[in-house]
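Here's the structure we're looking at; comments come further down.
Protein chains: 2
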Amino acid sequence: MNTQQTIRLAVIDDDSGFVTVLSKRTEMAGWQQRALSSAIPPEELVAMKLNALLLDLTVLGEDAWGYLERICATLPDLGVIVCTGQSTVAQRVRGLRLGVDDWIAKPCHPEEVMARIEAVSRRRRRSRGEIEAGPVVVGELEIRADQFQAFVGDGSLDLTRREFELLQLLADSKGQVLEREAIYQRVWGYAMAHGDRSVDVFIRKLRQKLEKRSSRWRYIHTHFGVGYRFDPEPPGGGIAPELAEEASSSMESQADSQVVHSSFTAG
Amino acid sequence: MNTQQTIRLAVIDDDSGFVTVLSKRTEMAGWQQRALSSAIPPEELVAMKLNALLLDLTVLGEDAWGYLERICATLPDLGVIVCTGQSTVAQRVRGLRLGVDDWIAKPCHPEEVMARIEAVSRRRRRSRGEIEAGPVVVGELEIRADQFQAFVGDGSLDLTRREFELLQLLADSKGQVLEREAIYQRVWGYAMAHGDRSVDVFIRKLRQKLEKRSSRWRYIHTHFGVGYRFDPEPPGGGIAPELAEEASSSMESQADSQVVHSSFTAG
DNA sequence: GGCCTGCGTTCACAGGATTTTCACGGCTCA
DNA sequence: TGAGCCGTGAAAATCCTGTGAACGCAGGCC
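Chains as they are written, first to last, in numbering that gives the first Met the number 0: chain A, 0 to 266; chain B, 0 to 266.
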């Protein structure tokens, strides 16, 4: 089950011997490694699309904890591994609670460091779902990821990049309620800032382009206080609004909630 | 967001001193811990619905590696942490590559062990796109934490956020009597003000949406002067005690029918 | 370079949905 | 039987979402 994965790794460490030895091994393993001599803003790390970040606390200097915290908050999907020569239990606990994934004591063997990076990165396999397959069809909607285009019934939708990625995510998670934070995380690639309304705005744009008439939204449903759910109503959907409420439960049981929950058994 | 996560942990270790100390801390943190003296089949672990498994390799004896491999294959969503007194780099690398998430050297500080378990669970959860656990099924009720949705028999319940979180807590504590303070603490995330009736109001809302009208409530039972208990079975003495114990999962039986009060660490 | 255009982001506000509070009456238990 | 507790309906307060519009930025064009 352990398919070889290509890992994009950045190392922040001034111990050039260690970095050199490690980079040789990672290169042999086919990883992409980037050596950084000092801390760089989390925003720049976002652009690097890393799987993992290995850093020596001593390089960070004064604001090491603050930096760690910003990193973990901004890039919750990034595997963060700290290595230090000396550290106390309290420090390690603090770091791990802050969001660090692993904490290694130096001196350490490159092979073990790599194994730990792999362990931490294993999760990436599934999280950023590989979405290359054939066209996705949901109701009257058809999404062609390869062509970067979506079609609804008669014509093609003219979607911008973000709109398309959002739609793709929604359609890919048909039937599931997605939290705003999760949407933002997966479409934008980093954590949502407090008070950010971008998701809402893009949902509106999508709705405008996607849905015909608007007594009730047809594809994108709001879950108050939570997020949004993408689900096409049963075809032929001429339910009168006042009847809809009565009918909804039985309706949904048939069409709506065939939502497969493959959740636990990933087998 | 909500409070810290409740972790369901099993420990396979014969070092009773270590296990005892750890269990005290985990209990204080509100985790559910189960101590096992020897390896048990992966299938039985599945039933425990664990977040994490902490094990000492030496307890496993001969077939330690085979057992580890089976565990990791059968329960890909379980966080596995190995702790050993002595180990070589090769052993650690082998374990980590096999699917083990973290490898800790003994002696180790309980607090750090817990922090590492948290880190591993956090990561596991993220990898599934914030999926907490598989669908929880209680009687005719099914709760999908990942989707913020609950289904009862024929259709899906339309629950608000608080309602859902309350239901989730209740179902997760099936059979236990929960004090109002404890409920409030764990759903709202902070202490309940004197005279606050919010819990009662939300219990009513849940009952309205959950239960068919009948003389007695079917799922949520009131314990006068104490709180509420969630149980699809008839209250008190519907089934014989020994059967009841058999029926509930082994993890839950230990806490079964005992009052849980608000001994939660604030913050 | 300067201008135009399209895109993504941010802001403010109104309308609604949800949550909290309150009052009253029925219920439980000593 | 009485005091305290719980269920309930509804008002009040709070919070969330939909929406229009403005802003800043980058790329294309003259």
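For every residue, glycine included, the Cβ atom is placed at its ideal position computed from N, Cα and C. The structure displayed is predicted, hence computed values, not measured ones.
At a cut-off of 8 Å between beta carbons, A:Arg115 contacts chain B. B:His222 is bridged by DSSP to B:Gly226. Identification of residues in the stretch 134 to 168 of chain B having a C-beta nearer than 7 Å to some C-beta of chain A yields Pro134, Arg143, Asp145, Gln146, Phe147, Gln148, Phe150, Asp153, Gly154, Ser155, Thr159, Arg160, given in sequence order.
Taking 8 Å as the upper bound for CB-CB distance, B:Arg122 and A:Val99 are not in contact here, some 11 Å apart. Here A:Ile182 is not near A:Leu166, since their CB atoms are 8 Å or more apart.
Around the beta carbon of A:Ile219, 16 or more other beta carbons sit within 10 angstroms, so the residue counts as buried.
In this structure, the alpha-carbon of A:Thr73 lies about 44 Å from that of B:Thr221. The shortest CA-to-CA distance from B:Leu53 to any of B:Arg196, B:Phe150, B:Ala104, B:Gly188 is the one to B:Ala104. With a threshold of 16 other beta carbon atoms within 10 Å, B:Val200 falls short and is exposed.
The Cβ atoms of A:Ser37 and A:Val58 lie closer than 8 Å to each other. Counting the other CB atoms within 10 Å of its CB gives A:Ile39 a total below 16, which places it among the exposed residues.
In this structure, A:Asn50 sits away from A:Ile80, with a CB-CB distance that is not shorter than 8 Å. B:Val92 counts as buried, since at least 16 other C-beta atoms from the protein chains shown sit within 10 angstroms of its C-beta. For A:Ser155, the enclosing beta strand (DSSP E) covers residues 154 to 156.
Contact between the stretch 14 to 31 of chain A and the stretch 62 to 77 of chain A is absent: fewer than 3 CB-CB pairs across the two stretches fall below 8 Å. When DSSP states are grouped into helix, strand and coil, B:Arg7 belongs to the strand group. In this structure, DSSP gives A:Cys107 a state outside helix and strand, which the three-state scheme calls coil.
Using a Cβ-Cβ cut-off of 8 Å, B:Glu111 counts as an interface residue toward chain A, since at least one Cβ of chain A sits closer than that to its own.
The Cβ atoms of B:Gly226 and B:Arg179 sit closer than 8 Å to each other. Bounds of the alpha helix (DSSP H) holding A:Glu180 are 179 to 187. Rounded to whole angstroms, the separation of the alpha carbons of A:Tyr66 and A:Ala34 is 18 Å.
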